[in-house]
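Q:
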């Protein structure tokens, strides 16, 4: 059985046993079959970068667990605006809470926080690097739909150069023996070699949506990460370069699904929302039980 | 024969031998050897080597390298050897060793990396390949190859 020691920092560090354990725990939370945690336990939600789904689902998950919650939603609302360092802010919040959830625009900030905090750290997105809890939500949603998560065919249509969600998804797929993984993106938005070199399976890349195979099980879509481009000109050169419309959805097999970690910009046509393939809001909703499971597991070990 | 004409033996100090041909000036620059307090210093470039055909050598009088400086040498020329000289004799001969993890020596080239954005976050790189040298940042996972190492080291020393 896998064991979380320092928290959840990278999808690469979550082995299959741990993932399965968290999925089983999430199932139990969905059924209401888990007792709340000790009310004296607490979590700090340290969001140095804007967030809607991740913050709200962590907050809701913490409340459902019966945890005391302290939170910040932007570095502009904290003493970092006065010049306090990231390290000092993490230390301070670690003094208040039993668990710290961190989102930051800096790559590697969660790993650094885990080295100085003394408390378990959950990476809720660190710059362009990783978003491991999102990848758990993705795979949980897939498992929930198909009754399994192994041996499926994936097409990932995204800005894989800048997306932390797809980095963690690609890492997480190491645990699930995918039948095939097709990556569709403009050439300049292909995943970095530092990511693909860590994958235990082959990826096939293409620039066109024609690269979505006829037998696709999971079409995973993610927006262009506009805020992470070097400049407007670079962004404009790829803006609108992929768009999933109802025609693409209709060509997919009957039982296949479309996921998007959201927010949605223009990568996914709203006409798809009413189809059975649209699972992105189910995926968003699964953020609560998955994050309940993660926090419960970490805090249970603490006691 | 030619070597004897070019440089004298040193009485006490360090000889960095078996430096990859053409890399000695880079090591000289990174170690700031020009600031060695007036020590005598000799650099041999593209001299003969039985092992590799050609090599560079640096001899420095009354100067010894710190562990951190040995890492710099290892990063630029992993096959270099360091000889410690006392009374004109080699008293210690060691091959530079590249550790599994290199801390505080190489600067991450990713401007978004936490190590470039918090004064307490010191750099830490794992060595994922020794030949050719390839490093990966333990925080942001960016990789640095041999060509990028000199500028990354220089950045930490500026």
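Residue numbers (our numbering), protein chains in the order written: chain A, 3 to 305; chain B, 59 to 216.
Note that CB positions come from ideal geometry on N, CA and C, so glycine has one too.
1) Give a yes or no on whether the minimum CB-CB distance between residue 170/B and chain A is below 8 Å.
2) For a contact defined as C-beta to C-beta under 7 Å, what are the partners of residue 177/B on chain A?
3) In chain A, what lies closer than 9 Å to residue 138/B by C-beta?
4) Under 9 Å, CB to CB, which of the residues in the region 195-212 of chain B have a partner in chain A?
5) Check distances from the C-beta atoms of the region 131-143 of chain A to those of chain B and list, in chain order, the residues that come in under 7 Å.
6) Give me the chain B residues within the contact set of residue 114/A, using Cβ-Cβ distance strictly less than 9 Å, ordered along the chain.
7) Under 8 Å Cβ to Cβ from residue 185/B, same chain only, skipping five residues before and after it: list those, please.
8) Give the interface partners of residue 49/A over in chain B, defined as CB-CB distance under 8 Å, in chain order.
9) Between which two residues does the alpha helix (DSSP H) holding residue 208/A run?
10) Please decide whether residue 196/A counts as near chain B, where near means a Cβ-Cβ distance under 8 Å.
11) Could one say the Cβ of residue 307/A lies closer than 8 Å to chain B's Cβ atoms, at least one of them?
12) Determine the direct distance from the alpha carbon of residue 92/A to that of residue 217/A, and round the result to whole angstroms.
13) Do residue 69/A and residue 39/A have their beta-carbon atoms positioned less than 8 Å apart in this structure?
14) Leaving out five residues on either side along the sequence, give the residues of the same chain with a beta carbon under 7 Å from the beta carbon of residue 120/A.
15) So if I threshold CB-CB distances at 9 Å, which residues from the region 78-111 of chain A count as touching chain B?
16) Between residue 9/A and chain B, is there a C-beta pair that is closer than 8 Å?
17) List the residues of chain B whose Cβ lies closer than 7 Å to the Cβ of residue 34/A, in chain order.
18) Taking C-beta pairs closer than 9 Å, name the residues in chain B that residue 120/A reaches, listed in chain order.
19) Helix, strand or coil: which one does DSSP assign to residue 242/A?
20) On a CA-only basis, which of 212/A, 137/A and 74/A is nearest residue 184/A? Give me that one, please.
21) Would residue 206/A and residue 188/A be called neighbours here (beta carbons separated by less than 8 Å)?
22) Drop a sphere of 10 angstroms on the beta-carbon of residue 67/B, count the other beta-carbons inside from all chains shown, and report buried for 16 or more, exposed for fewer.
23) Residues in its own chain within less than 8 Å of residue 196/B by CB, not counting five upstream and five downstream?
24) With a Cβ-Cβ cutoff of 8 Å, do residue 285/A and residue 143/A count as a contact?
25) Could you tell me which residues DSSP pairs with residue 184/A in its beta bridges?
26) Give the DSSP bridge partners of residue 128/A, in chain order.
27) Quick one: is residue 104/B buried, meaning 16 or more other Cβ sit within 10 Å of its Cβ, or exposed?
28) Along the region 208-230 of chain A, what residues have a CB closer than 9 Å to any CB found in chain B?
29) When the Cα atoms are used, what is the spatial distance from residue 272/A to residue 159/A?
30) When the Cα of residue 152/B is compared with those of 162/B, 163/B, 165/B and 138/B, which residue comes out closest?
31) Pull up the distance between the alpha-carbon of residue 145/A and that of residue 109/B, whole angstroms please.
32) Assign residue 46/A to one of two classes, buried (16 or more other C-beta atoms within 10 Å of its C-beta) or exposed (fewer than that).
33) Any beta-carbon of chain B closer than 8 Å to the one on residue 129/A?
34) Compute the distance between the beta-carbons of residue 108/A and residue 170/B, then report whether it is under 8 Å.
35) Mind checking whether residue 230/A and residue 133/A have CB atoms under 8 Å apart?
36) So is residue 106/B buried or exposed if we call it buried at 16+ other beta carbons inside 10 Å?
A: Quick look at the numbers:
1) In terms of beta-carbon proximity, residue 170/B lines the interface with chain A, with at least one pair separated by less than 8 Å.
2) Within chain A, the residues near residue 177/B are 87.
3) The contacting residues do not exist; residue 138/B stays about 28 Å from chain A at best.
4) Listed in sequence order: 195, 196, 197, 198, 199, 200 and 201.
5) Flagged, chain order: 131.
6) Simply 172, 173, 176, 178, 179 and 197.
7) Contacts found: 156, 157, 158, 159, 160, 191, 192 and 193.
8) Residues of chain B passing the Cβ test: none, with the nearest at roughly 16 Å.
9) For residue 208/A, there is no enclosing alpha helix (DSSP H); the enclosing beta strand (DSSP E) has its first and last residue at 205-208.
10) Output row for residue 196/A: interface = yes.
11) The question about residue 307/A has no answer here: the residues shown for chain A are numbered 3 through 305.
12) Rounded to the nearest whole angstrom, the C-alpha separation of residue 217/A and residue 92/A is 46 Å.
13) The Cβ atoms of residue 39/A and residue 69/A lie closer than 8 Å to each other.
14) Once the five neighbours on either side are set aside, the close Cβ partners of residue 120/A are 96.
15) If the cut-off is 9 Å between Cβ atoms, the region 78-111 of chain A has 87, 88, 89, 90, 106, 107, 108, 109, 110 and 111 near chain B.
16) With 8 Å as the cut-off, residue 9/A does not count as an interface residue toward chain B.
17) Simply none; closest approach about 39 Å.
18) The premise fails here: residue 120/A is roughly 14 Å from chain B at the closest Cβ pair, so nothing lies under 9 Å.
19) If DSSP states are grouped into helix, strand and coil, residue 242/A belongs with coil.
20) When C-alpha distances from residue 184/A are compared across 212/A, 137/A and 74/A, the shortest belongs to 212/A.
21) Their beta carbons are not under 8 Å apart, which means residue 206/A does not touch residue 188/A by this criterion.
22) By the neighbour-count rule (16 or more Cβ atoms within 10 Å), residue 67/B is not buried but exposed.
23) Within the same chain, residue 196/B has close Cβ partners 159, 182, 183 and 184.
24) Yes, the Cβ-Cβ distance between residue 285/A and residue 143/A is below 8 Å.
25) DSSP lists 157/A and 206/A as partners of residue 184/A.
26) 106/A and 132/A.
27) Residue 104/B should be labelled exposed.
28) Taking 9 Å as the cut-off between beta carbons, the residues of the region 208-230 of chain A near chain B are 230, in sequence order.
29) As the crow flies, the alpha-carbon of residue 272/A is around 16 Å from that of residue 159/A.
30) Minimum Cα distance to residue 152/B is reached at 138/B.
31) Residue 145/A and residue 109/B: Cα-Cα distance of roughly 58 Å.
32) It counts as buried.
33) Cβ-Cβ to chain B under 8 Å: yes for residue 129/A.
34) Yes; because the gap between Cβ atoms is below 8 Å, this pair is in contact.
35) Against a cut-off of 8 Å, the Cβ pair of residue 133/A and residue 230/A comes out as no contact.
36) With fewer than 16 other Cβ atoms within 10 Å, it is exposed.
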